[in-house]
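To convert, take the position in the sequence shown, counting from 1, and add 25; that gives the working numbering. By construction, the Cβ of each residue, glycine as well, lies at the ideal position given by its N, Cα and C atoms.
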Amino acid sequence: MSNATATASEKFETILNLGAKKRLAFMFETVQEFKQVWILNDDDGCVMLANEDDDCVPVWPERIYAEAWATGEWENCTAKAIPLKDWTTRWTPGLEQDDLLIAVFPTEEDDGTILFPDEFDSQLKAPKKRY
26 MSNATATASE
36 KFETILNLGA
46 KKRLAFMFET
56 VQEFKQVWIL
66 NDDDGCVMLA
76 NEDDDCVPVW
86 PERIYAEAWA
96 TGEWENCTAK
106 AIPLKDWTTR
116 WTPGLEQDDL
126 LIAVFPTEED
136 DGTILFPDEF
146 DSQLKAPKKR
156 Y
């Protein structure tokens with residue numbers, strides 16, 4: 026394994042092992058930098074999670090994290106990037122209309138941070154701190 030691969034792998038593991046609040050900060054920083062949000066799709070469309078009484082759309086900052094989550098019943102899902110402009114103009118109003126929440130950067134051990142679509146958008150537009 027090359028040093029670059031080892032470094033990328035170490036970064037991946039480090040980020041996955043952060044607490045939900047730090048992953049949230051990493052999410053917003055990364056989305057602002059790359060101008061895209063990652064979701065998982067299957068034959069029926071966007072993957073959704075049931076969290077207590079609410080349905081959520083899980084989102085990730087990069088393809089690698091979305092793909093890492095696509096195991097078990099979601100192993101046939103594919104990661105899809107949503108350009109940030111499309112997210113704010115189409116997805117946010119659609120999620121609000123359908124009464125869906127957003128599960129920000131879930132991992133196998135943690136559901137991530139659950140936000141309303143307008144909260145997610147507000148955070149995307151706010152200046153970010155390093156995770």
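1) Does Pro131 pass the burial test, meaning 16 or more other C-beta atoms within 10 Å, or should it be called exposed?
2) State buried or exposed for Ala128, treating a residue as buried only when at least 16 other CB atoms are found within 10 Å of its CB.
3) What residues in its chain sit with their C-beta under 6 angstroms from that of Lys105, if we drop five residues either side in the sequence?
4) Does the Cβ-Cβ distance between Lys60 and Pro108 come in under 8 angstroms?
5) State yes or no: is the C-beta of Trp116 nearer than 7 angstroms to some heavy atom of the ligand HEM?
6) Whole angstroms is fine: what's the gap from Met73's alpha carbon to Leu126's?
Answer, in terms of the structure:
1) If you number the sequence shown from 1, residue 131 lands on position 106. Pro131 comes out buried.
2) Working through the sequence shown from its first residue, we reach residue 128 at position 103. Its Cβ being crowded by 16 or more others within 10 Å, Ala128 is buried.
3) Here residue 105 refers to the residue found at position 80 of the sequence shown. Only Ile64, Asn66 meet the Cβ criterion.
4) Looking up residue 60 in the sequence shown gives position 35. Looking up residue 108 in the sequence shown gives position 83. In contact: Lys60 and Pro108 (Cβ atoms closer than 8 angstroms).
5) Among the ligands in the structure shown, none appear at all, so the ligand HEM cannot be discussed.
6) Sequence index remark: in the sequence shown, residue 73 carries index 48 (1-based). Sequence index remark: in the sequence shown, residue 126 carries index 101 (1-based). As the crow flies, the alpha-carbon of Met73 is around 10 angstroms from that of Leu126.
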